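Each residue of the sequence shown is one higher than the last, beginning at 2 in my numbering.
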Amino acid sequence: MQNSWFIEAQKFLTIKDQFKLGDLSTEKQNPDTIGLAQISQTDLKLALETFHQVDRKALNAFMAKKEILLPLATTINDTLRDGDKVFFVGCGATGRLALSIEFLAHALQIEGHERVFGMMSGGDLALIHSIEKFEDYPEYAHRQLQDLNFAGNDLVIAVTEGGETPFVIGAAQYAVEHSKRKPFFMYCNPDAVLIKVAERSKLVLEDDRIHKINLDIGPMALSGSTRLQATTIQMLACSLALFSSKQSTQWESQVQQLIDILPSLTNDDFCELIEIESDIYHKGESVLYKVEPSLAIAVMTDTTERAPTFSLAAFENRQDQIQKWSWCYLYDEDSTTAEMAWEKLLLRTPRTLEWPELEGIAGAKRLYGFDFSHSLRDFREKKLGFTQHLAVIEMTHQQLAMRLGRGKAVCDMTKLQLWQRHLVLKMILNAHSTLVMGRLQRYQSNIMTYVKASNNKLIDRATRYILLLLKEKGREDISYDEVVMKIYEVKSQIGPDRPIVLEVLKQF
Numbered sequence: 002m003q004n005s006w007f008i009e010a011q012k013f014l015t016i017k018d019q020f021k022l023g024d025l026s027t028e029k030q031n032p033d034t035i036g037l038a039q040i041s042q043t044d045l046k047l048a049l050e051t052f053h054q055v056d057r058k059a060l061n062a063f064m065a066k067k068e069i070l071l072p073l074a075t076t077i078n079d080t081l082r083d084g085d086k087v088f089f090v091g092c093g094a095t096g097r098l099a100l101s102i103e104f105l106a107h108a109l110q111i112e113g114h115e116r117v118f119g120m121m122s123g124g125d126l127a128l129i130h131s132i133e134k135f136e137d138y139p140e141y142a143h144r145q146l147q148d149l150n151f152a153g154n155d156l157v158i159a160v161t162e163g164g165e166t167p168f169v170i171g172a173a174q175y176a177v178e179h180s181k182r183k184p185f186f187m188y189c190n191p192d193a194v195l196i197k198v199a200e201r202s203k204l205v206l207e208d209d210r211i212h213k214i215n216l217d218i219g220p221m222a223l224s225g226s227t228r229l230q231a232t233t234i235q236m237l238a239c240s241l242a243l244f245s246s247k248q249s250t251q252w253e254s255q256v257q258q259l260i261d262i263l264p265s266l267t268n269d270d271f272c273e274l275i276e277i278e279s280d281i282y283h284k285g286e287s288v289l290y291k292v293e294p295s296l297a298i299a300v301m302t303d304t305t306e307r308a309p310t311f312s313l314a315a316f317e318n319r320q321d322q323i324q325k326w327s328w329c330y331l332y333d334e335d336s337t338t339a340e341m342a343w344e345k346l347l348l349r350t351p352r353t354l355e356w357p358e359l360e361g362i363a364g365a366k367r368l369y370g371f372d373f374s375h376s377l378r379d380f381r382e383k384k385l386g387f388t389q390h391l392a393v394i395e396m397t398h399q400q401l402a403m404r405l406g407r408g409k410a411v412c413d414m415t416k417l418q419l420w421q422r423h424l425v426l427k428m429i430l431n432a433h434s435t436l437v438m439g440r441l442q443r444y445q446s447n448i449m450t451y452v453k454a455s456n457n458k459l460i461d462r463a464t465r466y467i468l469l470l471l472k473e474k475g476r477e478d479i480s481y482d483e484v485v486m487k488i489y490e491v492k493s494q495i496g497p498d499r500p501i502v503l504e505v506l507k508q509f
């Protein structure tokens, strides 16, 4: 009898050409950040400057093409004015973006905010814990839209960093067939490359019934880590279209405010926070992020995304027999129950998937097992046997303050609206977490050697990184297919927190 890993590997190889994404801008190595891991260990200020320079380039690239958003802003305005619903749809990082946009709509009390929906593949539970392979099925997007009572005059904004995610493509195609309003498809790669790489992307890009918004900004600071600059720019685009005036001159000034704030994010205080947090993890201890409610979803997003990016233990669920504990967790000290904490995080009751075939993995019961309310600190301290370090993020006198141990960093946000503050905090935390992990050697140079190969896109990414590292060692005799087979074999033998790229590399 063949091993199950062998069968799974063969299945992937039959469809591999649909997921060979190495030619996409978002997947390429960024020449400006080569050696980032080593720099983070020797010169943190330079590492921060290097990272935020990629943010600056991305914001400037967006500035040059901001006019492309005008039809989106107008259509959103018309949809809400007519009493219809607006759906921001995403998967993984863009799914968390979608939920953040909905949170901001409620927090800002924009007109019609109750008809703005953030829809993430896997439902709200996926905000805190990745649901593997969900993104590979466009039909799941159809069902989730149906669950949310998508109607004939509703609008879909389908957001995918790479432009090739089947779930997000499925949402756009469903809207074409079931709504009079043309959906929007937002992505960050060149059309010419996408059309060659993925047939599913070609179908969308050549479909005149779908509006396209191409926000190509080049490679990420960490190769393939689209939770970084790609999602920052897409969140900026969605925010401008929904929350700002419909005048591009105002958009320019609001984007410039974000650019102008970047130099203040590279000072010694931010460097010290990175040192402190990396030292905590190096000692085997953990951090609780205590955050004021208006900013909590931004922190939840970054801390959740560390697990799949760097093969860390995901946030633990209290319903499980916990074997591995997450390095950090969001902490709401003022909420007395899990239900209260979740409602405060989302500004609404969570929406979960109660589909029988999912056997509860995305349901409400399991969601509330991810309990970050008042009891979390005692729970972890009793189970782990040591004090949890508190990282505090709060607004004081229009300034964002971050504190951890002896360290404190401050960023002046006096002139920024709430959605801009979220973007600045996102850029701060993206740089912070990436450089913390660089100091802990959770990637090499700017390559995600600890990438979690949990879906088809990530199997391809791990394969490409292994081939690249083999080439650096003078080994060009190994084929793509051989690496894929070895990935599936090794995956079946090691724990989820082991670096699949490095473990497979040893086999050759």
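Beta carbons are placed, not taken as given, at the ideal position from N, Cα and C, and that holds for glycine.
Since we're looking at a predicted model, the values are computed, not measured.
Assigned exposure category for residue i - 16 Cβ within 10 Å defines buried
i	result
Gln508	exposed
Phe371	buried
Glu278	buried
Pro264	exposed
Pro184	buried
Gln255	buried
Ile495	exposed
Gly153	exposed
Gln145	buried
Ser101	buried
Asp83	exposed
Gln174	buried
Anticipated Cβ contact below 8 Å, residue i with residue j, distance rounded
i	j	result
Ile260	Arg57	6 Å
Gln320	Glu200	With 8 Å as the limit, Gln320 and Glu200 do not qualify as a contact, their Cβ atoms being about 40 Å apart.
Lys86	Phe118	6 Å
Val90	Ile158	7 Å
Lys247	Ala74	5 Å
Lys291	Val393	5 Å
Leu468	Val484	6 Å
Gln399	Thr415	4 Å
Pro191	Asn31	Going by Cβ atoms, the distance from Pro191 to Asn31 rounds to 16 Å, so no, they are not a contact pair.
Thr166	Cys92	5 Å
Leu266	Ile429	6 Å
Glu112	Leu81	7 Å
Arg378	Tyr332	6 Å
Contact under 8 Å by Cβ, residue i with residue j
i	j	result
His1	Phe316	Only positions 2 to 509 of the chain appear in this structure, which leaves residue 1 out of reach.
Ile488	Ile501	yes
Ala38	Tyr466	no
Leu441	Tyr282	yes
Leu459	His107	no
Leu274	Asp498	no
Asp33	Gln3	no
Ile211	Lys203	no
Trp328	Val300	no
Gly364	Thr350	no
Asn431	Leu229	yes
Ile218	Cys189	yes
Leu109	Phe244	yes
Leu401	Leu424	no
Glu162	Thr232	yes
Phe1	Leu156	With the chain covering only 2 through 509, there is no way to say anything about residue 1.
Ile40	Ile214	no
For residue i: DSSP bridge partner residues
i	result
Asn215	Tyr188
Gln445	Ile448
Tyr466	Answer is none; Tyr466 lacks a bridge partner.
- Message: Contact between the segment 119-126 and the segment 174-184 is defined here as three or more beta-carbon pairs at a separation below 8 Å; is this criterion met?
- Response: no
- Kindly confirm or deny that the segment 411-426 and the segment 235-244 touch, where touching means at least three C-beta pairs closer than 8 Å. yes
- Query: Are the segment 21-34 and the segment 398-409 touching by the rule of at least three beta carbon pairs closer than 8 Å?
  - Reply: no
- Task: Specify whether the segment 302-311 and the segment 134-148 touch according to this definition: at least 3 beta carbon pairs, one from each stretch, less than 8 Å apart.
- Result: no
- If you pair each beta-carbon of the segment 339-347 with each one of the segment 371-390, do three or more pairs fall below 8 Å? yes
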